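Q: Here you go, one structure.
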Amino acid sequence: MSVVSMTVNGKPVTGEVEGRTLLVDFLRNNLSLTGTHVGCDTSQCGACVVHMDGKAVKSCTTLALQAEGASVTTIEGLAKDGELHPVQKAFKENHGLQCGFCTPGMIMTAVDMIERMPNLDEKTVRAELEGNICRCTGYHNIVKSVLAAADEMQR
Amino acid sequence: MSETGIGKSVRRKEDQRFITGKGRYTDDINRPGQTHAYFLRSPHAHARINSIDLTAAKAAPGVVEIFTGADIERDGLGGLICGWTVHSKDGSPMKQGAHPILALDTVRYVGDHVAMIIAETYLAAKSAAELIDVDYEVLDASPSVATAQEAGAPQVHPEAPNNTSFDWELGNKAETEAALKAAAHVITLDLTNNRLIPNAMEPRAAIGDFDSGTGEYTLWTTSQNPHVARLVLSAFVGVAPEHKLRVIAPDVGGGFGSKIFIYAEETACAWASAKIKRPIKWVADRSEAFLSDAHGRDHVSHAELALAADGTFLGLRVKTKANLGAYLSTFSASVPTYLYGTLLSGQYNFPAVYVEVDGIFTHTAPVDAYRGAGRPEATYLVERILEIAAREIGMDPVELRRKNFIRTFPHQTPVIMNYDIGDYDAALDKALDLVDYAGFPARKAEARARGKRRGIGFSSYIEACGLAPSAAVGSLGAGVGLWESAEVQVAPTGKVEVFTGSHSHGQGHETTFAQLVCERLGVPFDDVEIIHGDTGRVQFGMGTYGSRSGAVGMSAISQALDKIEAKAKKIAAHLMEAAVEDIQLKDSVFTIAGTDKTLPWAELSLAAYTAHGFPRGEIEPGLKENAFYDPLNFTFPSGCHICEVEIDPETGTTKIANFVAVDDFGIIINPMIVEGQVHGGIAQGIGQALLEGCHYDETGQLITGSFMDYCMPRADDMPSFKLGFTKTDCPSNPMGMKGCGEAGAIASPPAVINAVTDALGIREIEMPATPARIWAALAANPIAAD
């Protein structure tokens, strides 16, 4: 077992992990942050996306020890002072979710996408969502949500 | 109309928890002292188990206990069951072998359950599984539905000779044969409905927790119908007495049918938790989901369509081989029979239809209901053969549809169904308008100028959902009734709790069901709570599948609300000293007709519980009512989907250039949510048509066992969809509603394939129409490739 320390959603945390412990398991099991989900075992579905030092990463393919010293943001850390992030608001307003399981990963990917890329259009959003699978929405309203949030955030 | 009533796109109540990471799915729940289970699965499609040596595994670090099929058999548990019995032509019931929870002496598909390893951690359980020494005698397998009935094919169950569970028929055989003989045109078609893997994004999971103090079992599980799970586990498997078993389906991350069924894993978790006296959690990884979730579709059919010289349909004869997999899953026998053969009349006047279906065992994962369940297979067959007929007799496919549309209702088909209402011309007209059919030749020419092949395809679908009434489904072989229950409880403060037997795993019931309450009682939206998915809180329920929650589940709530309203008016009449007939309820205020006297909702609800001065024997205290609602008929949603594709002949890739869906769902409670259901269904249908295909090799190994190999629809595979609605109110339930959950998946595959074949100028192509298949089709058809 090794000790790992990082900042998660603005709070310093420390925990004991095995070398093989994944970041997602550390978040879910050690920190009880169960908003980050595991939907596959091949790094394809993106339900586990979190931000590490400001970049979207798949926490199912990141070792907890790789996050040593990093600043990690999960879906639980996105709303500030009880105020939903514009992307969260847009997903609700545009019915960008149904069962909700892929949603945390979708939202974290969308935030990263919007922050990286000005002037998003539908084609770019669809291409950027390549690493996130949703089985409920047909993506129609997810794309709409991301474009609406981008519009709001870049206004 | 209130802003939160019927017909409004109210934003969803449940979203707050999902967008903030506060959803509570089964894997998010942990119990004190919890252990973790891992299932050792068969690596062979067919093998005899000579022995299982657990010695090394039991000694591995962290291992608590390991169970095999022998332990479960010793405890006297029954096997898993199929809750629907169909009969063969000779009247004999379907044949089936035992379906043990953990394998006994034989494994019958890759992923079949061999042993349950319980350990302090998931990784310890998984590591210990590698130390189990199973002596397998590997046998030849029959993984293909096309060949499993051949002489000499390896047999799945000795109880089912020729791997045939049933040979079922429906319709008028002699009339159909006569129609085929007399026809000016007979169009024949061989087609495959490709096998699919449902892949809800949340993998299946379970926590079994036995309380040795009370003797009660609690099972958290990813279920679409927790009461049905409780019934099966108690009455048939014998895990626990029904009153000592509580099944909770918390937030469930999608189902699409695959979470209807009662599987080995949750059964074992509940049972074993009493053996080890500790809670046991099991969560599938995606690879296990691919191997062991019930798959969908997998039909091979031969069809013959008889037409008069002018295109009038005279008859349809169909012979289908349906794959059941290695065991009969919970509702598997109903899917290729009563959910399939009954829809082969489509939207059309057919004097004669005859269908034969062989239900066939193979050494593959069980096959059961997946979004649409039988109806996509029927629609694909009807709409493909119709399209081919139009091309071969030289009629516009739109005109051939119009020529044969049913226009008077109710309409009795030759295959059981009595369509209650519909307007198929209206949907077709609207879809043609939305797609701009008149402009298609210009778009095709413009695409051609860019080197692309553009095609258009239609699908005028009908489906039957909200299966009912119970007497009818019982006569067809269902082991359950298909009603729904609801309780409405008004608290003393006027807040309303609705306990529903429907289960939401993405459908937004917490919102739409609350809209019904707002509409009826006028109470604020935030004062209504919808409770579901817990046998400890909800009286009973048949759950959510077959697009039944609106038409059946909400009708039950509506019926309970009728009773609430009646009792509330009785109390109001007493309090306001008026006749019951003169009491009116509007916007949560009771009034007396012709006076200005009023009584607010919350005052009445408080009075219902204080009960001061209620006339004894006339008014009971309290305000809580329940209902069990059994509908009059199935509901018959219908519509028209039109797809335009553009194919790049250089690469064989298909782009969906335009997708229009016009649906008739009767009364719509929340248009935003209904549109979302349609979007999702279409995506699964486009997935089936262009991307998804489950493949087993000749030895029965699953070769599409991960998201790397099985092509799930991604955002850039999908277009934005153009939706429209027409409306004929359903006369078979008080809500006027039809089901909307499956229509997209039912309607869309033939629209896509009709468009692809139109673009390429070819008669047929198999689903999924991958770039490789399209490229090969072009290579084989130089004219089309030209």
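Heads up: the protein sequence lines correspond to chains A and B, in order. With the first letter of the first sequence counted as 1, position 2 gets the number 943 in the working numbering; the numbers rise by one all the way through. With the first letter of the second sequence counted as 1, position 110 gets the number 95 in the working numbering; the numbers rise by one all the way through. Backbone N, C-alpha and C fix where the C-beta goes; we use that ideal spot for every residue, glycine too. Values in this document were obtained by computation on a predicted structure and should not be read as measured data.
1) When DSSP builds the beta bridges, which residues end up paired with Phe390 (chain B)?
2) Taking C-beta to C-beta, are Glu201 (chain B) and Arg231 (chain B) nearer than 9 Å?
3) Find the nearest neighbour of Ala972 (chain A) within the set A:Leu1088, A:Asp982, A:Thr1014, judged by alpha-carbon distance.
4) Which of the residues in the region 13 to 41 of chain B, read from start to end, lie with their CB under 9 Å from any CB of chain C?
5) Is Glu384 (chain B) closer than 9 Å to Gly296 (chain B) when the C-beta atoms are compared?
6) Output yes or no for whether 9 Å exceeds the beta carbon distance between Gly1018 (chain A) and Gly960 (chain A).
7) Using C-beta distances below 7 Å, list every residue in its chain close to Pro183 (chain B), excluding the 5 sequence neighbours before and after it, in chain order.
8) Which residues mark the beginning and the end of the beta strand (DSSP E) in which Ala311 (chain B) is found?
9) From Val367 (chain B) to Ala42 (chain B), what distance separates their C-alpha atoms?
10) What's the call for Thr478 (chain B), buried or exposed, on a 16-neighbour Cβ count within 10 Å?
11) Report, in whole angstroms, the separation of the C-beta atoms of Thr983 (chain A) and Arg271 (chain B), which I expect to be a contact under 8 Å.
12) Note down, in chain order, all residues in the region 270 to 290 of chain B with a beta-carbon under 7 Å from any beta-carbon belonging to chain A.
13) Quick check on DSSP: helix, strand or coil for Trp760 (chain B)?
14) Would you check if the distance between the CB atom of Ala133 (chain B) and the CB atom of Ala114 (chain B) is smaller than 9 Å?
15) Against Asn1082 (chain A), what residues of chain B qualify as contacts under a CB-to-CB distance less than 9 Å, listed in chain order?
16) For the beta strand (DSSP E) containing Asn35 (chain B), name the first residue and the last one.
17) Given a cut-off of 9 Å, decide if Lys548 (chain B) and Val473 (chain B) are closer than it, judged by their beta-carbon atoms.
18) Which value, in whole angstroms, describes the spacing of the CA atoms of Gly82 (chain B) and Val1084 (chain A)?
19) What is the C-beta distance between His992 (chain A) and Asp1092 (chain A), in whole angstroms, given that I count them as a contact (C-beta under 8 Å)?
20) Starting from the beta carbon of Asp0 (chain B), find every residue of chain A whose beta carbon is closer than 8 Å, and list them in chain order.
21) If we count the other Cβ atoms within 10 Å of its Cβ and call it buried at 16 or more, is Thr580 (chain B) buried or exposed?
22) Please state whether DSSP places Thr777 (chain B) in a helix, a strand or coil.
23) For Ile1074 (chain A) and Arg699 (chain B), I'd like the C-alpha separation in whole angstroms.
24) Any C-beta of chain A sitting closer than 9 Å to the C-beta of Thr297 (chain B)?
25) Trp256 (chain B) and Ile57 (chain B) - do their beta-carbons sit closer together than 9 Å?
26) Do you know offhand how far Met(-14) (chain B)'s Cα is from Gln500 (chain B)'s?
27) If we count Cβ pairs, one from each stretch, closer than 8 Å, do we get three or more for the region 215 to 234 of chain B versus the region 517 to 532 of chain B?
28) DSSP three-state call for Glu749 (chain B): helix, strand or coil?
29) Please report the distance separating the alpha-carbon of Pro85 (chain B) from that of Thr1044 (chain A).
30) Any chance the region 359 to 378 of chain B sits against the region 444 to 463 of chain B, with 3 or more Cβ pairs inside 8 Å?
31) Is the beta carbon of Leu329 (chain B) closer than 9 Å to that of Ala164 (chain B)?
32) Can you give me the Cβ contacts of Asp633 (chain B) inside the same chain, cut-off strictly under 7 Å, excluding the 5 residues immediately before and after it?
33) Apart from the five residues on each side of it in sequence, which residues of its chain come closer than 7 Å, Cβ to Cβ, to Val95 (chain B)?
34) Between which two residues does the beta strand (DSSP E) holding Leu204 (chain B) run?
35) Along the chain, where does the alpha helix (DSSP H) containing Ala587 (chain B) start, and where does it finish?
36) Cys625 (chain B) and Tyr404 (chain B) - do their beta-carbons sit closer together than 9 Å?
A: On the basis of the coordinates in this document:
1) B:Tyr333
2) yes
3) Going by the sequence as given, residue 972 (chain A) is Leu instead of Ala. The option with the nearest alpha carbon to Leu972 (chain A) is A:Thr1014.
4) Here chain C cannot be found, since the structure's protein chains are A and B.
5) yes
6) no
7) Phe241, Gly242, Ser243, Asp278, Gly281, Tyr355
8) Per DSSP, Ala311 (chain B) belongs to no beta strand (DSSP E) and is neither H nor E.
9) 54 Å
10) exposed
11) 7 Å
12) Asp270, Arg271, Ser272
13) helix
14) no
15) Met657, Glu660, Gly661, His664
16) 32 to 38
17) yes
18) 48 Å
19) Between Asp1092 (chain A) and His992 (chain A) the Cβ distance is about 21 Å, and since that is not below 8 Å, they are no contact.
20) Phe1032, Lys1033, Leu1038, Gly1041
21) exposed
22) With chain B covering -14 to 771 only, the question about residue 777 (chain B) has no answer from this structure.
23) 6 Å
24) no
25) yes
26) Any reading at Met(-14) (chain B) needs caution, since the residue's pLDDT is 49, under 50, leaving its predicted position unreliable; the model's value is listed next. About 11 Å.
27) yes
28) coil
29) 37 Å
30) yes
31) no
32) Lys437
33) Ser27, Pro28, His29, Ala30, Leu276, Gly685, Gln686, Leu687
34) 201 to 206
35) 586 to 595
36) no
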